[in-house]
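**Student:** Here the protein sequences come in this chain order: A and B.
Be aware that the first sequence starts at 1, since it is given in the numbering used here, and climbs by one per residue.
Be aware that the second sequence starts at 1001, since it is given in the numbering used here, and climbs by one per residue.
Number of protein chains: 2
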Amino acid sequence: MPAARRTPTGTHRTASESGAETRDRLQAAARACLRQDGIAGVSARAIARHGDLNQALVFYHFGSVDGLLQAVARTDAERRALLYAERLAGVKTLKDLVSVGHQIHQVEFAEGNTAVLAQLVAGAASSPELGAAVQDGMQAWTTLVEDALARVLADTPLGAVVPLADIAYAIASLFLGLELMGGVDGDSTRLDSLFTSLDAVSGLVDLLLHPPT
Amino acid sequence: MPAARRTPTGTHRTASESGAETRDRLQAAARACLRQDGIAGVSARAIARHGDLNQALVFYHFGSVDGLLQAVARTDAERRALLYAERLAGVKTLKDLVSVGHQIHQVEFAEGNTAVLAQLVAGAASSPELGAAVQDGMQAWTTLVEDALARVLADTPLGAVVPLADIAYAIASLFLGLELMGGVDGDSTRLDSLFTSLDAVSGLVDLLLHPPT
DNA sequence: GTCTATATTTAGATAGAC
DNA sequence: GTCTATCTAAATATAGAC
Chain A
1 MPAARRTPTG
11 THRTASESGA
21 ETRDRLQAAA
31 RACLRQDGIA
41 GVSARAIARH
51 GDLNQALVFY
61 HFGSVDGLLQ
71 AVARTDAERR
81 ALLYAERLAG
91 VKTLKDLVSV
101 GHQIHQVEFA
111 EGNTAVLAQL
121 VAGAASSPEL
131 GAAVQDGMQA
141 WTTLVEDALA
151 RVLADTPLGA
161 VVPLADIAYA
171 IASLFLGLEL
181 MGGVDGDSTR
191 LDSLFTSLDA
201 VSGLVDLLLH
211 PPT
Chain B
1001 MPAARRTPTG
1011 THRTASESGA
1021 ETRDRLQAAA
1031 RACLRQDGIA
1041 GVSARAIARH
1051 GDLNQALVFY
1061 HFGSVDGLLQ
1071 AVARTDAERR
1081 ALLYAERLAG
1091 VKTLKDLVSV
1101 GHQIHQVEFA
1111 EGNTAVLAQL
1121 VAGAASSPEL
1131 GAAVQDGMQA
1141 WTTLVEDALA
1151 RVLADTPLGA
1161 VVPLADIAYA
1171 IASLFLGLEL
1181 MGGVDGDSTR
1191 LDSLFTSLDA
1201 VSGLVDLLLH
1211 PPT
């Protein structure tokens, strides 16, 4: 229990303050549950266990388990959009883009955010409402990648040959798939190796696209 | 009900014949359930509905719902290994490889096999046994792609720079991720566009790797 | 807002008739 | 092998005390 605070109403703390904290804890618990047990292992009781919370709070604050998952999807999409926009802003070359991708990957994978997203996407198959919530987040993601690609490949032959929207979509899909694959094997070293290779190849492609006279 | 057949025992049909057919129908129903409802919507009763079968048959033939899903994973892995080995055998160039990939994609996506696999992989998070069953199938997949890549990129600089195992792993992950993404949006045209671009790029890379003197 | 208790539904699994 | 009936456990969701 956090320390009580004085409020204008005279109660120990405002309803909105306390409720907001509980809602945050519920979302955090839902993320932990999705990460460890997957969408198939999610239930109000399982989530409550992960956050040492009361099961009934799920329904009071979010109406249903699905409602809580939708909230997680929307909150994460917002956070992801901010993080990616900030990091991708200064990208000028393909090598830069791969480098930023590597950085984002390390943060997001370490925190398990991509695993959560992958499980939510899988869960979208059994809930149209959850599907809608997830879709918004994916679009924000692919749009940001697409904009970065547009800057990097502008005025190059590759930009004319390849539809950027498709590449962005493929990149987002690849991250999702890698996270799912990582769940079935031990992984961990594989992704770093992959990014090292991408770094080398992207450097070569940059040279091809922008020859140093 | 299929037509009864005479058997040595004098019964209408042998136990093994009938049992095998029911097991097949249960697996088919489980696939349909995974495709339409996702791993979160799977239950013995839901599966039974999809195949117009009795719920108790799941437990008689496979011991548990998880057992049935494991059987689906292993059966699909076998089928996939055969299909891929056959198609990939004659691949000599990167453009060939992309073309075969496109063909396989069209068949597998149309039948929903990749969607089933994606849901099984997501479900592996809540069942180590299912995870083990799925992992075998993924390894067979990535190994076949890796062998094809080794043939295509043999004696080229790219083969030396890029660990083939990682690329194969990434390709398998990409297919999984694309299928999951396709579940949340309308998709359908996106993949064809992506393969068209890949076809163009792979042709260029082939030219770079094997210049026509 | 949070807790306990509970009503209701659904899922996993088994026993026994056929 | 397949079916009906049923037991048990777990899940969703709500009511009411605090």
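Where is the CB? At the ideal position from N, CA and C, for every residue including glycine.
Helix, strand or coil for B:Ala1154 per DSSP?
**Tutor:** B:Ala1154: coil per DSSP, three-state reduction.
**Student:** Please say whether B:Gln1119 and A:Ala115 have beta carbons closer to each other than 7 angstroms?
**Tutor:** No. Outside cutoff.
**Student:** Could you pull the start and end residues of the alpha helix (DSSP H) that A:Gln248 belongs to?
**Tutor:** The displayed coordinates of chain A run from 1 to 213. Any statement about residue 248 of chain A would go beyond what the structure contains.
**Student:** Do you know how far the Cα of B:Gly1067 is from the Cα of B:Ala1020?
**Tutor:** Whole-angstrom Cα-Cα distance: 16 angstroms.
**Student:** Using the beta-carbon count (16 or more within 10 Å), is A:Arg190 buried or exposed?
**Tutor:** With 16 or more Cβ atoms within 10 Å of its Cβ, A:Arg190 is classed as buried.
**Student:** Considering Cα atoms alone, identify which of A:Leu144, A:Asp155, A:Leu198 and A:Ala150 is closest to B:Ala1170.
**Tutor:** B:Ala1170 has its Cα closest to that of A:Leu198, out of A:Leu144, A:Asp155, A:Leu198 and A:Ala150.
**Student:** Mind checking whether A:Leu178 and B:Ser1173 have CB atoms under 7 angstroms apart?
**Tutor:** It is a contact, given that the beta carbons lie within the stated cut-off.
**Student:** What is the DSSP secondary structure of B:Val1091, counted as helix, strand or coil?
**Tutor:** DSSP places B:Val1091 in coil when its eight states are reduced to three.
**Student:** For B:Val1058, decide whether its Cβ has a neighbour in chain A, counting only Cβ atoms nearer than 7 angstroms.
**Tutor:** So, not an interface residue.
**Student:** Would B:Glu1111 be called buried (16 or more neighbouring beta carbons within 10 Å of its own) or exposed?
**Tutor:** Label assigned to B:Glu1111: exposed.
**Student:** Using the C-alpha atoms, what's the distance from A:Arg31 back to A:Ser126?
**Tutor:** Using only the alpha carbons, I get a separation of about 18 angstroms.
**Student:** Which one of B:Phe1195, B:Ile1167 and B:Val1098 has the shortest CA to CA distance from A:Phe195?
**Tutor:** Cα-wise, what sits closest to A:Phe195 is B:Ile1167.
**Student:** Restricting to Cα atoms, I'd like to know which of A:Leu208, A:Gly183, A:Pro211 and A:Ser202 is closest to A:Gln36.
**Tutor:** The option with the nearest alpha carbon to A:Gln36 is A:Gly183.
**Student:** So what's B:Pro1212 in DSSP terms, helix, strand or just coil?
**Tutor:** Coil at B:Pro1212, not helix or strand.
**Student:** Who are the neighbours of A:Pro212 on chain B, taking C-beta pairs under 9 angstroms?
**Tutor:** The premise fails here: A:Pro212 is roughly 18 angstroms from chain B at the closest Cβ pair, so nothing lies under 9 angstroms.
**Student:** Around the C-beta of A:Glu108, are 16 or more other C-beta atoms found within 10 angstroms, so that it is buried, or is it exposed?
**Tutor:** Looking at its Cβ environment, which holds 16 or more other Cβ atoms inside 10 Å, A:Glu108 is buried.
**Student:** Residues in its own chain within less than 6 angstroms of B:Leu1209 by CB, not counting five upstream and five downstream?
**Tutor:** Answer for B:Leu1209: Thr1156, listed in chain order.
**Student:** Please confirm whether B:Pro1163 has its beta-carbon closer than 7 angstroms to some beta-carbon of chain A.
**Tutor:** Chain A, which has a Cβ nearer than 7 angstroms to the Cβ of B:Pro1163, makes this yes.
**Student:** Nearest to B:Gly1038 by CA position, among B:Gly1101, B:Lys1095, B:Leu1117 and B:Val1058, is which residue?
**Tutor:** Answer by Cα proximity: B:Leu1117.
**Student:** Is it buried or exposed, A:Lys92, if we count other Cβ atoms within 10 angstroms and call 16 or more buried?
**Tutor:** Classification for A:Lys92: exposed.
**Student:** For B:Leu1180 and A:Ala73, I'd like the C-alpha separation in whole angstroms.
**Tutor:** Cα-Cα distance, rounded: 15 angstroms.
**Student:** Name the chain A residues whose beta carbon is nearer than 7 angstroms to that of B:Gly1193?
**Tutor:** This sequence places Ser at residue 1193 of chain B; Gly is not what is there. Result: Pro163 and Asp166.
**Student:** Below 8 angstroms on C-beta distance, what does B:Asp1052 contact in chain A?
**Tutor:** Those do not exist, as B:Asp1052 stays about 21 angstroms from chain A at its closest Cβ, beyond 8 angstroms.
**Student:** If contact means a Cβ-Cβ distance below 9 angstroms, which residues of the segment 53 to 87 of chain A contact chain B?
**Tutor:** Answer in chain order: no residues at all.
**Student:** Go ahead and pull the three-state DSSP assignment for B:Ser1126.
**Tutor:** It is helical.
**Student:** Spatial neighbours of A:Asp187 within its chain, please: CB distance less than 8 angstroms, with the 5 preceding and 5 following residues excluded, ordered by chain position.
**Tutor:** Answer for A:Asp187: Met181, listed in chain order.
**Student:** Just the chain A side, please: which residues come within less than 7 angstroms of B:Asp1185 by C-beta, in chain order?
**Tutor:** Gln135, listed in chain order.
**Student:** Report the three-state DSSP secondary structure of A:Arg6 (helix, strand or coil).
**Tutor:** Residue placement at A:Arg6 is poorly supported in this model, since its pLDDT is 37, which falls under 50; the coordinates are not used for a value here.
**Student:** Give a yes or no on contact between the segment 1128 to 1147 of chain B and the segment 1077 to 1086 of chain B, applying the rule of three or more CB pairs nearer than 8 angstroms.
**Tutor:** Yes: the two stretches touch, three or more of their Cβ pairs being nearer than 8 angstroms.
**Student:** Can you tell me which of the three DSSP states B:Val1201 falls into?
**Tutor:** Note: B:Val1201 maps to helix in three-state DSSP.
**Student:** Would you call the CB atoms of A:Ser193 and B:Pro1163 closer than 7 angstroms?
**Tutor:** Yes, the Cβ-Cβ distance between A:Ser193 and B:Pro1163 is below 7 angstroms.
**Student:** Could you please give the first and the last residue of the uninterrupted alpha helix (DSSP H) stretch that includes A:Ala40?
**Tutor:** Neither: A:Ala40 is in no alpha helix (DSSP H) and is coded neither H nor E.
**Student:** Against A:Arg190, what residues of chain B qualify as contacts under a CB-to-CB distance less than 7 angstroms, listed in chain order?
**Tutor:** Within chain B, the residues near A:Arg190 are Asp1166 and Tyr1169.
**Student:** Inspect the beta-carbon positions of A:Ala44 and A:Val58 and report whether they are closer than 7 angstroms.
**Tutor:** Taking 7 angstroms as the Cβ cut-off, A:Ala44 and A:Val58 qualify as a contacting pair.
**Student:** Going along chain B in order, which residues have a C-beta closer than 8 angstroms to the C-beta of A:Ala124?
**Tutor:** Going along chain B in sequence order, the residues near A:Ala124 (Cβ under 8 angstroms) are Gly1038, Gly1183 and Val1184.
**Student:** Taking the alpha carbon of B:Leu1214 as the point to measure from, which residue in B:Glu1146, B:Leu1097, B:Arg1023 and B:Leu1053 has its own alpha carbon closest?
**Tutor:** An answer regarding residue 1214 of chain B cannot be provided, because it is not within the stretch 1001 to 1213 covered by chain B.
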